[in-house]
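Encoded as structure tokens, the structure appears first; notes follow it.
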Amino acid sequence: MFFSLAVFFLSYDFGYAQCSMCRAVLQSEEGQATAKGINNGILYLMAIPYLLVGLVGWKVFQILKK
């Protein structure tokens, strides 16, 4: 568990990119504000399933621990 979290947080910079077509369109923008917004949206959508699975796993662990 700790190892998985460590790998996730250490590889954050490497995974901080969108698909190649989105990147090509967004790199032409001067301020890069749209590209940063797209990246944040991708990370948000990616994190929700992991949080939900973690919450369910934690609840199951608590139930089985009783």
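Per the numbering used here: the sequence shown = residues 100 to 165. A virtual CB, placed ideally from N, CA and C, is assigned to each residue, including glycine.
Kindly indicate which residue of the options has the alpha-carbon position closest to the one of residue i.
| i | options | result |
| --- | --- | --- |
| A134 | I162, P148, L104, S119 | S119 |
| M100 | Q161, W157, K165 | W157 |
Reducing DSSP to helix, strand and coil, say where residue i ends up.
| i | result |
| --- | --- |
| S127 | coil |
| K135 | helix |
| K164 | helix |
| M100 | coil |
Enumerate in chain order the residues of its own chain whose CB-to-CB distance from residue i is below 7 Å, with the five nearest sequence positions on each side excluded.
| i | result |
| --- | --- |
| M145 | none |
Who are the Cβ neighbours of residue i in its own chain at under 8 Å, not counting the five residues just before and after it?
| i | result |
| --- | --- |
| Y149 | none |
Closer than 6 Å by C-beta to residue i: which residues in its own chain qualify, once you throw out the five before and the five after it? Chain order, please.
| i | result |
| --- | --- |
| G153 | none |
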